[in-house]
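Here is the structure we will look at, set down as structure tokens.
2 protein chains.
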Amino acid sequence: MSDLPIVNIGICGLGTVGQGVWKHLTRSRATLEARLGARLRLKKASVRSLTKKRGVRVAPTKLTTDPMAVATDPSIQIVCELIGGTTVAKDVTIAALRLGKTVVSANKALVCGHGPEIFAEARKHGGHYFFEASVAGGIPIIKALREGLVANRFDRIYGILNGTCNYILTRMEREGLAYPVILQEAKALGYAEADEALDVEGWDTAHKASIIAYLAHGSWVPTKAMNVEGITQLTQTDILYARANDLAIKLLAVIERDLATDELSVIVAPILISRNKVIANVNEVYNGVSVTGDVVGETVYIGRGAGQDATSSAVISDIVDAAALLLRGNAALPEPVEHHCPRRPPERSFGSYYIRLDVRDEPGVLAKISAATAKFGVSIASVQQSASARANAATLMLTTHETNEKAIRSAVAQLRRLAGVLGEPLLLRIASFGE
Amino acid sequence: MSDLPIVNIGICGLGTVGQGVWKHLTRSRATLEARLGARLRLKKASVRSLTKKRGVRVAPTKLTTDPMAVATDPSIQIVCELIGGTTVAKDVTIAALRLGKTVVSANKALVCGHGPEIFAEARKHGGHYFFEASVAGGIPIIKALREGLVANRFDRIYGILNGTCNYILTRMEREGLAYPVILQEAKALGYAEADEALDVEGWDTAHKASIIAYLAHGSWVPTKAMNVEGITQLTQTDILYARANDLAIKLLAVIERDLATDELSVIVAPILISRNKVIANVNEVYNGVSVTGDVVGETVYIGRGAGQDATSSAVISDIVDAAALLLRGNAALPEPVEHHCPRRPPERSFGSYYIRLDVRDEPGVLAKISAATAKFGVSIASVQQSASARANAATLMLTTHETNEKAIRSAVAQLRRLAGVLGEPLLLRIASFGE
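Taken in order, these protein sequences are the chains called A and B. Going by this note's numbering, the first sequence opens with residue 14, and the numbers climb by one from there. Going by this note's numbering, the second sequence opens with residue 14, and the numbers climb by one from there.
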């Protein structure tokens, strides 16, 4: 092996994922080296504390508290940025790319927030930026979109991209417990962060949706230009309604492009989806993505979306791709062609909807509701009623016939103001993917 | 665009898939060229008849009846072998590779039967051999195994790899009709070949299983060294039994490697699998593959396994990969390291089984059966009975407690000889994947 070329790897951030990469790369190194015809050396890693105990053994001489020292070490060709966030992580990434190095990242917030700038630096200095681990953990969905499905234009991509939300929704459904109860348990078990907002309010999913939209369509959709809704308003009433109607509620990213008008729509929201769909049956911490291409038809990808091991699997695959490229001259890769798609306006987003609202338990309420929605052209398809936690009130679960997003929003705004409607109505989309 | 490098592509075999590749490549060419920074030219195609009408328009000057003229044309860098079979297809492939060209293929029989020889020619002459379309149609499963999941060792890979069989089994289950009836309809609809043996007897699945085993383990398992069983013996009795017990019957390839002993097992057989598993719910012409890696855990891939469009999607993705490689010097790619795994002997293949057999309808038969299987250490877990088509007979459906493949085979051979057992018993495995 002594004549083989050497590829030196540095890791910025030896936290959960960093340690996983170190561990699994050490374990699989001989195989990967034989595959590559080169030696892989874990050269240096940055940590916050030199004295903290870790799950992997790393020689103290390889550790530093300065991530920039890893990123700029002249002997290191591949820098793994596993710090997270968009401050130090960004500085380290840009510094490494400016030195012509290749950066491997699991950082969806950074790709989503600064993708164009980062990609430009990589191009300009002859390095690469890989981020397979940033979306759907161990599932090679980025490779599928960039390479495997390159012959396709994508009408619709939708999926579950956040394991924490899927875990909470799965447990709410299986155990019949309220959202806050399951959330507390998920935190205690380490399945939800102490500050859960990024996950449960949909922003983590939105970051990933933005990355998918760019890879599939060459168009950057910032998260603030998306409709992003989380799972915090869901109750057992909604879960039971779904189950009784052979539906599941999943927090989905839905990325649709009208191939005729070129309009692009990206939303993140809890959506009612038929149990006949594979994605409706992806449970617990698993992620699942359905990708429909105009040539291949529908393809589906399922796997663990997060966690040390699944993320490490994706980071290591990027490291191997990066090493293979380096060994053969590090030339540029085919890239999505940047292309600005206009945003699909709400009046051209069609679908049917579920509205759950509490009403005063008195005659004539339903007539008033129906009249209020009819003003916006929204007609009620079904009504079910259940007990409300409020006194002298009932909970109504309505579904609508097909309408559009503009009309339904106006209708719900109207309902909110209606005498007899108590509290805040909940609006959910009902997916009609391919049916 | 005039300064851009040009990549010339030839197609050997302008049949269903060849025409799909021509059509979709023509349609998506501008996008792919922008991605690659190069021009893609469909230079020449070989056909059996110059006068036959085709679904795509190809200038007559680009057509030839001689596939070798395409394979050896000095201007052509990428040759798509879409002839099928292992005679002319092999000659054309070897000829192109010997000229240092890259060959893209959808030919599972050729990869399975002559992989090592073909790969050696590609390596020797500096070309490449790509075959994404040979397994699971449009699903980029080969890329996932070669690249996306490279950090993993694979304990178990299983899946549905033949759309024809899955279509037949789905219709048998949904419509309650007998295998021969559905087969005839599938032929009439073009979902099954006139000579269906390759599909329904499991050999097509076996070819694909062999390719997967090589990619995952570096070990070539010829189909004749596998246990290969088809779906022709399945009846509505089996289908109904499955449904009543929340199982599905799927023709599966199962590739297992014991990471401790290194033993490899590859089988193709109709298997009873819990409906809780995603793969059990992959229906009609869809393929689905579950890949469990020691780092990533379980990942699942679903999509159309065959047909003009799905196969074209995979062929075009290989063409783009091949073109990108050519444009940056065509250096060697990381490859699975060849490694001979010993075959797992039947006595170390554990599982429980389903046996369906007709017996003379008289007292004491079950006791005799139970005694016969007990001799081999196989104990019966459950017995159900249904009406037999035979006079004075009943059909028994037995399941066993966990035993091993050697014991169950001996037990069934014994049952076959037992007075009171009529006709041929059917033996099916009951999957216990990850439960």
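Every residue gets a Cβ at the ideal spot worked out from N, C-alpha and C, and that includes glycine. Keep in mind the model is a prediction, meaning the values are calculated, not measured.
Requested in this report: Would you list, in chain order, the members of the segment 152-163 of chain A that have their beta-carbon closer than 7 angstroms to a beta-carbon of chain B?
Outcome: Hits within the stretch, in order: Ile152, Pro153, Lys156, Ala157, Glu160, Gly161, Leu162, Val163.
Report task. Examine the Cβ distances between the segment 27-35 of chain B and the segment 322-335 of chain B and report whether three or more of them are shorter than 8 angstroms. Result -> They touch, by the three-pair rule.
Requested in this report: State yes or no: is the beta carbon of Ala323(A) nearer than 9 angstroms to at least one beta carbon in chain B?
Outcome: As a first step, residue 323(A) is located in the first sequence; it is residue number 310 there, counting from the start. Ala323(A) counts as touching chain B.
Requested in this report: At 3 residues or longer, and completely inside the segment 243-274 of chain B: list those beta strand (DSSP E) runs for me, N to C.
Outcome: With a minimum length of 3 residues, the continuous beta strand (DSSP E) runs that stay inside the segment 243-274 of chain B are 260-270.
Report task. Excluding the 5 residues preceding and the 5 following Gln397(B) in the sequence, name in chain order all residues of the same chain whose CB lies nearer than 6 angstroms to its CB. Result -> The residue labelled residue 397(B) in the question sits at position 384 within the second sequence. The answer, listed in chain order, is Met410.
Report task. Mind checking who Ser303(A) pairs with in its DSSP beta bridge? Result -> Along the first sequence, read from residue 1 onward, the residue named residue 303(A) stands at position 290. Ser303(A) is bridged to Tyr171(A), Val313(A).
Query - Ranges of the beta strand (DSSP E) found wholly within the segment 25-103 of chain B, counting only runs of at least 3 - result: With a minimum length of 3 residues, the continuous beta strand (DSSP E) runs that stay inside the segment 25-103 of chain B are 52-59, 91-94.
Query raised in the report: In the structure shown, what three-state DSSP assignment does Val148(B) receive?
Result: The count along the second sequence starts at 1 and reaches residue 148(B) at position 135. Coil at Val148(B), not helix or strand.
Report task. Consult DSSP for Phe363(B) and reduce its assignment to one of helix, strand or coil. Result -> Reading the second sequence from its first residue, position 350 is the one you call residue 363(B). Residue state, collapsed to three classes: strand.
Report task. Quick one: using the 10 Å Cβ neighbour count with 16 as the cut-off for buried, is Gln197(B) buried or exposed? Result -> One-based indexing of the second sequence puts residue 197(B) at position 184. It is exposed - the Cβ of Gln197(B) has fewer than 16 other Cβ atoms within 10 Å.
Report task. Could you tell me which uninterrupted alpha helix (DSSP H) segments, each at least 4 residues in length, are contained entirely in the segment 373-408 of chain B, listed from first to last along the chain? Result -> With a minimum length of 4 residues, the continuous alpha helix (DSSP H) runs that stay inside the segment 373-408 of chain B are 378-387.
Requested in this report: State yes or no: is the beta carbon of His414(A) nearer than 9 angstroms to at least one beta carbon in chain B?
Outcome: The count along the first sequence starts at 1 and reaches residue 414(A) at position 401. Output row for His414(A): interface = no.
Query raised in the report: Below 9 angstroms between beta carbons: does that hold for Phe143(B) and Asp334(B)?
Result: Position 130 of the second sequence, counted from the first residue, corresponds to residue 143(B). Position 321 of the second sequence, counted from the first residue, corresponds to residue 334(B). By the CB criterion at 9 angstroms, Phe143(B) and Asp334(B) fall inside the cutoff.
Query raised in the report: Straight-line CA distance for Asp275(A) to Glu418(A)?
Result: Locating residue 275(A) in the first sequence gives position 262, counting from the first residue. Locating residue 418(A) in the first sequence gives position 405, counting from the first residue. Their Cα atoms are separated by approximately 18 angstroms.
Query raised in the report: Closer than 9 angstroms, CB to CB, is Arg166(A) near chain B or not?
Result: Stepping through the first sequence from its first residue, residue 166(A) is reached at position 153. Interface flag for Arg166(A) against chain B is set, since a Cβ pair is found closer than 9 angstroms.
Report task. Inspect the beta-carbon positions of Cys354(A) and Leu277(A) and report whether they are closer than 9 angstroms. Result -> Sequence index remark: in the first sequence, residue 354(A) carries index 341 (1-based). Sequence index remark: in the first sequence, residue 277(A) carries index 264 (1-based). Here Cys354(A) is near Leu277(A), since their CB atoms are less than 9 angstroms apart.
Report task. Using three-state DSSP, classify Val281(B) as helix, strand or coil. Result -> Taking the first residue of the second sequence as position 1, residue 281(B) is located at position 268. When secondary structure is reduced to three states using DSSP, Val281(B) falls in the strand class.
Requested in this report: Return the Cβ separation of Ala56(B) and Lys75(B) in integer angstroms, given the expectation that the two are a contact with Cβ distance under 8 angstroms.
Outcome: Within the second sequence, the letter at position 43 stands for residue 56(B). Within the second sequence, the letter at position 62 stands for residue 75(B). Sequence check: residue 56(B) is Lys here, not Ala. Rounded to whole angstroms, the Cβ separation of Lys56(B) and Lys75(B) is 7 angstroms, and the two are in contact under 8 angstroms.
Query raised in the report: Which of the three DSSP states, helix, strand or coil, is assigned to Tyr180(A)?
Result: As a working mapping, residue 180(A) is identified with position 167 in the first sequence. Of the three classes helix, strand and coil, the one that applies to Tyr180(A) here is helix, per DSSP.
Query raised in the report: Relative to the C-alpha of Asn165(B), which residue among Gly390(B), Ser362(B), Thr386(B), Val304(B) is closest?
Result: Indexing the second sequence from 1 puts residue 165(B) at position 152. Ranking the options by Cα distance to Asn165(B), first place goes to Val304(B).
**Report entry** chain B contacts made by the segment 340-351 of chain A, where a contact means CB separation under 9 angstroms
**Finding:** For the segment 340-351 of chain A, which is checked against every Cβ of chain B, the residues closer than 9 angstroms are Leu340, Arg341, Gly342, Asn343, Ala344, Ala345, Leu346, Pro347, Glu348, Pro349, Val350.
Report task. Return helix, strand or coil for Tyr142(B), following the three-state DSSP convention. Result -> Here residue 142(B) is taken as the residue at index 129 of the second sequence, counted from 1. The answer is strand: DSSP assigns Tyr142(B) an E or B state.
Requested in this report: Check the Cβ-Cβ distances between Gly139(B) and every residue of chain A, and say whether any is below 9 angstroms.
Outcome: Locating residue 139(B) in the second sequence gives position 126, where the first residue counts as 1. Not closer than 9 angstroms to any Cβ of chain A, the Cβ of Gly139(B) fails to qualify, so no.
Query raised in the report: Looking at the unbroken alpha helix (DSSP H) that takes in Pro1(B), where does it start and where does it end?
Result: Any question about residue 1(B) goes unanswered here, given that chain B covers just 14 to 448.
Query raised in the report: If you measure from the beta carbon of Ala327(B) to each beta carbon in chain A, is any gap under 9 angstroms?
Result: Start at 1 with the first residue of the second sequence, and residue 327(B) comes out as number 314. Taking 9 angstroms as the threshold, the shortest C-beta distance from Ala327(B) to chain A falls below it.
Requested in this report: Step through the CB atoms of chain A and report whether any lies within less than 9 angstroms of the CB of Tyr142(B).
Outcome: Position 129 of the second sequence holds residue 142(B). No Cβ of chain A is located within less than 9 angstroms of the beta carbon of Tyr142(B).
Query raised in the report: Which residues, in order along the segment 303-319 of chain B, keep a beta-carbon less than 8 angstroms from a beta-carbon of chain A?
Result: Of all residues in the segment 303-319 of chain B, Gly306, Val308, Val309, Gly310, Glu311, Thr312, Val313, Tyr314, Ile315, Gly316, Arg317 have a Cβ within less than 8 angstroms of some Cβ in chain A.
Query raised in the report: Of the residues Arg52(B), Lys36(B), Pro80(B), which one's Cα is nearest the Cα of Val69(B)?
Result: The sequence position of residue 69(B) within the second sequence is 56, counting from 1. Val69(B) has its Cα closest to that of Lys36(B), out of Arg52(B), Lys36(B), Pro80(B).
Report task. Out of Ala385(B), Asp259(B), Leu45(B), point me to the one whose CA is closest to Ala420(B)'s CA. Result -> By 1-based counting over the second sequence, the position of residue 420(B) is 407. It is Ala385(B) whose Cα lies nearest to the Cα of Ala420(B).
Query raised in the report: Got a sec: is the Cβ-Cβ distance from Glu297(A) to anything in chain B below 9 angstroms?
Result: Here residue 297(A) is taken as the residue at index 284 of the first sequence, counted from 1. No, Glu297(A) does not count as interfacial toward chain B.
Requested in this report: List the residues of chain A whose Cβ lies closer than 9 angstroms to the Cβ of Val333(B), in chain order.
Outcome: For the purposes of this step, residue 333(B) is identified with residue 320 of the second sequence, where counting begins at 1. Within 9 angstroms Cβ-Cβ: Glu160, Val163, Ala164, Pro347.
Query raised in the report: Taking 9 angstroms as the CB-CB cut-off, is Gly150(B) touching chain A?
Result: As a first step, residue 150(B) is located in the second sequence; it is residue number 137 there, counting from the start. Chain A, which has a Cβ nearer than 9 angstroms to the Cβ of Gly150(B), makes this yes.
Query raised in the report: Does any CB atom of chain B fall closer than 9 angstroms to the CB of Gly128(A)?
Result: Working through the first sequence from its first residue, we reach residue 128(A) at position 115. Output row for Gly128(A): interface = no.
Report task. Report the three-state DSSP secondary structure of Val480(B) (helix, strand or coil). Result -> Residue 480(B) cannot be examined here, being either before or after the span of chain B that is shown, 14 to 448.
Query - Closest residue to Asp307(A) among Asn300(A), Gly320(A), Asp271(A) (Cα-Cα distance) - result: Within the first sequence, the letter at position 294 stands for residue 307(A). Closest option to Asp307(A), Cα to Cα, is Asp271(A).
Query raised in the report: Under the rule that 16 or more other beta-carbon atoms within 10 Å means buried, what is His138(A), buried or exposed?
Result: Within the first sequence, residue 138(A) is the residue found at index 125, counting from 1. Around the CB of His138(A), fewer than 16 other CB atoms lie within 10 Å, so the residue is classed as exposed.
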